[in-house]
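Following: one structure in C-alpha cells, then a few remarks.
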Amino acid sequence: MLWVGEPFTAPGRGFWAKLEGRNPGGIKDRPALHMVRAARERGELRPGARIVESTSGTLGLGLALAGVTYGHPVTVVTDPAIEPLMTGLLTAHGADVAVVDAPHPVGGWQQARRDRVAELLAAEPGAWCPDQYHNPDNVAAYRPLALELIAQLGRIDALVVSVGTGGHSAGVAGVLREWFPELRVVGVDTVGSTIFGQPALPRLMRGLGSSIHPRNVAYPLFDEVHWVAAPEAVGAARALAVSRWATGGWSVGAVALVARWLAAATAPDTRIAAVFPDGPQRYAGTVFDDGWCRARGLLGHRLPERPDEIAHPGERTVTRWTRCRTVLDPLAGAGPLRSAGDRSGPARAAR
Ligand SMILES: Cc1ncc(COP(=O)(O)O)c(C=O)c1O
Numbered sequence: 001m002l003w004v005g006e007p008f009t010a011p012g013r014g015f016w017a018k019l020e021g022r023n024p025g026g027i028k029d030r031p032a033l034h035m036v037r038a039a040r041e042r043g044e045l046r047p048g049a050r051i052v053e054s055t056s057g058t059l060g061l062g063l064a065l066a067g068v069t070y071g072h073p074v075t076v077v078t079d080p081a082i083e084p085l086m087t088g089l090l091t092a093h094g095a096d097v098a099v100v101d102a103p104h105p106v107g108g109w110q111q112a113r114r115d116r117v118a119e120l121l122a123a124e125p126g127a128w129c130p131d132q133y134h135n136p137d138n139v140a141a142y143r144p145l146a147l148e149l150i151a152q153l154g155r156i157d158a159l160v161v162s163v164g165t166g167g168h169s170a171g172v173a174g175v176l177r178e179w180f181p182e183l184r185v186v187g188v189d190t191v192g193s194t195i196f197g198q199p200a201l202p203r204l205m206r207g208l209g210s211s212i213h214p215r216n217v218a219y220p221l222f223d224e225v226h227w228v229a230a231p232e233a234v235g236a237a238r239a240l241a242v243s244r245w246a247t248g249g250w251s252v253g254a255v256a257l258v259a260r261w262l263a264a265a266t267a268p269d270t271r272i273a274a275v276f277p278d279g280p281q282r283y284a285g286t287v288f289d290d291g292w293c294r295a296r297g298l299l300g301h302r303l304p305e306r307p308d309e310i311a312h313p314g315e316r317t318v319t320r321w322t323r324c325r326t327v328l329d330p331l332a333g334a335g336p337l338r339s340a341g342d343r344s345g346p347a348r349a350a351r
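See below:
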C-alpha cells in the first residue's frame, strides 16, 4: 500500500494505492492462477492441455505464470497494439502470442480476438479458455485482495477501481461491501467504452474499458462511474511518476485522477482505497514516450481538478473525464438479439 498525498493531491488530502504492479506479472496473476487451479480441480482443464485466452497482456503474463506453475502450454491472443515489451515477456515465459490483424466490424479488436480464440479452441481438442470476461472464478480470485485491503487499512470508506472484464471491481467491492455496507464504490472506465452504456468509439487506452459487455461487471455494486480520456490518464500517470515514484499506465492514471478528485471532494478523514493494476514498465513506449504522446495530442493539457457530470449514460457521448451517478447494465433485460451498443437498459437509481 502506498499513501498518495501532496503534491499529487490537494493539501491534507490523499488516498491509499494498492500496488498490484508489485506482483510477478500484475493484478492478473491472481485470477490467472485461480481460474487455472479451479478448472483443473473441476476436471475442465486436463493435465498438460493448452490454455488459450484473449488478453491485452496483463492476464497473459498471469497465464504464463500459471502455465509454468501447473504445466500447461499457453497461447495468448492479442491485437497489434500490444507493446513489444509484453510480447517479449510473454514469449520469454513460454507463451505463444497470436496477433489478430483486423477489428471485428461491430465488436472491435476485442471481438476479433475472441473469434480467434474460438478458432484455436476448435482446432485443438482439450484446449481450454478461461474466458475472463464471463468466468465467475475471475471475480472470486479477488477475495484475497479485498481481505488484504481490510487487513492493511482497517476501515475503508471508498473504493476506486478500473473496469475491464469487471473481475477485480466485482471481486473486491463485493467482499468490502459485506464488511463496510456504506462503502462508496467508484468505477473508472475509458471514454469510448461500452461497459456502462456509452457507444463504442476507438480507444487508445488499454486494460480498462471494453467494446463488448462482459458479464462479470457487477453493476449493482457501483455508486458511480467515471469515464476518463487518454490525455487525462497520461497526465495523471506522469504526475504520479514524478511526485510519488509509483505509477503505471492507462488504468493507473485514470484511477489516480479519480481518487485524487474524490480525496478533495470528501471529508478529510474519508479513507479511500484505489487499486493500481500494474506498474509503468510496459508503457515506456506509449504513456511515457513524448513522441508517441505528442503525435496523438496527449501532452500539454492541464490535469483537470473535477469531472463533467451527466445524469444518465445515454445523455450524450462523453469525450473527456465525466462522472455519472446512474449506473446501468446496458444489457439488463436484454433478449438474445440485443446488440452491443444498445443503451436502452433500465436505470438504477444512484445510491
Ligand atoms: C492494466 C489493467 N488495468 C485494469 C484492468 C481491468 O481489470 P478487470 O479486468 O479486472 O476489470 C486490466 C484488465 O486486463 C488491466 O490489464
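The sequence shown begins at 1 in UniProt numbering and counts up one residue at a time. Here a beta-carbon is modelled for each residue, glycine too, at the ideal position from N, C-alpha and C.
- In summary, Met1 is exposed, with fewer than 16 beta-carbon neighbours lying within 10 Å of its beta-carbon over all protein chains present.
- When Trp128, Leu61, Gln110 are compared, the shortest CA-CA separation from Ser54 is found for Gln110.
- For Asp96, the enclosing beta strand (DSSP E) covers residues 96 to 99.
- Taking non-hydrogen atoms of ligand 1 into account, the C-beta of Lys28 is found less than 7 Å away from one of them.
- Counting only runs of at least 4 residues, the region 37 to 101 fully encloses the following alpha helix (DSSP H) elements, listed from N- to C-terminal order: 58 to 70, 84 to 92.
- In the assembly as shown, Ala237 is a buried residue. Its beta-carbon has 16 or more other beta-carbons within 10 Å.
- In the DSSP assignment, Lys28 is bridged to no other residue.
- Residue environment for His168: buried (at least 16 other C-beta atoms within 10 angstroms of its C-beta).
- Sequence-distant Cβ neighbours of Val161 in its own chain, meaning closer than 8 Å and more than five residues away, are His168, Ser169, Val172, Ala173, Val185, Val186, Gly187, Val188, Val255, Ala274, Val275.
- In this structure Arg30 is buried. Its beta-carbon is surrounded by 16 or more other beta-carbon atoms within 10 angstroms.
- Set against 7 Å, the gap from the CB of Asp278 to the closest heavy atom of ligand 1 is smaller.
- Taken through DSSP and simplified to helix, strand or coil, Ala274 comes out as strand.
- Under the three-state reduction of DSSP, Leu159 is assigned to strand.
- By the criterion of at least three beta-carbon pairs nearer than 8 Å, the region 93 to 105 is not in contact with the region 285 to 301.
- When the Cα atoms are used, Asp289 and Arg282 turn out to be separated by approximately 11 Å.
- When the Cα atoms are used, Pro144 and Arg46 turn out to be separated by approximately 26 Å.
- Cβ-Cβ separation between Tyr133 and Ile212: approximately 7 Å, consistent with a contact (criterion under 8 Å).
- The beta carbon of Ser56 sits closer than 7 Å to at least one heavy atom of ligand 1.
- By the C-beta density criterion, Trp245 is exposed, having fewer than 16 other C-beta atoms within 10 angstroms.
- The shortest CA-to-CA distance from Asp131 to any of Val258, Gly60, Thr190 is the one to Gly60.
- Burial check for Pro268: the Cβ neighbour count within 10 Å stays below 16, so the residue is exposed.
- Shown here, His168 sits in a helix according to DSSP, grouped into three states.
- In this structure, the beta-carbon distance from Pro280 to Ala241 falls below 8 Å.
- DSSP lists Leu2, Ala274 as the bridge partner or partners of Ala17.
- Residue pairing for Thr247: DSSP places it in no beta bridge.
- For Ile150, the enclosing alpha helix (DSSP H) starts and ends at 143 to 153.
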